[in-house]
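Residue numbers (this note's numbering): 2 to 109. Cβ atoms here follow ideal geometry from the backbone N, Cα and C, with glycine treated the same way.
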């Protein structure tokens with residue numbers, strides 16, 4: 002199966018969010034080809050959550066796994082640790098009071 006580059010996937014994801022008027026920003030740029038991607042959802046009320054793509058071998062499919070739920074401070078601390086471990090990591094921050102991220106839509 003052909004794999005999309007991280008940069009291409011992020012570009013398409015940001016366009017999809019913008020089409021729904023959901024603000025999103027690249028807060029850490031990683032390796033353009035194969036950097037892991039973490040999506041942080043900031044609900045603008047002091048709370049946040051973060052997700053990364055994981056593979057379920059039993060079901061033979063990709064899914065978005067919850068990394069951290071909690072205060073924005075707690076999620077940022079978690080992301081700081083991830084950044085220290087993985088220099089190729091991308092972090093995208095989505096700001097939406099309703100917590101919309103579109104990650105469960107087809108194609109993402």
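{"query": "Residue of 51, 10, 87, 82 minimising C-alpha distance to residue 94", "result": "51"}
{"query": "Per DSSP, the bridge partner or partners of residue 99", "result": "Answer by DSSP bridge pairing: none, since residue 99 is not bridged."}
{"query": "Three CB pairs or more closer than 8 Å across the region 61-74 and the region 40-47", "result": "yes"}
{"query": "Residue 106 in three-state terms, based on DSSP", "result": "coil"}
{"query": "Neighbourhood of residue 63 by C-beta distance below 8 Å, restricted to the same chain and skipping five residues each side", "result": "54, 55, 56, 57"}
{"query": "Straight-line Cα distance separating residue 22 from residue 87", "result": "30 Å"}
{"query": "Bounding residues of the alpha helix (DSSP H) (the contiguous stretch that carries residue 85)", "result": "73-86"}
{"query": "Residue 38 vs residue 11 beta-carbon contact at 8 Å", "result": "yes"}
{"query": "Local conformation of residue 16 per DSSP, three classes", "result": "helix"}
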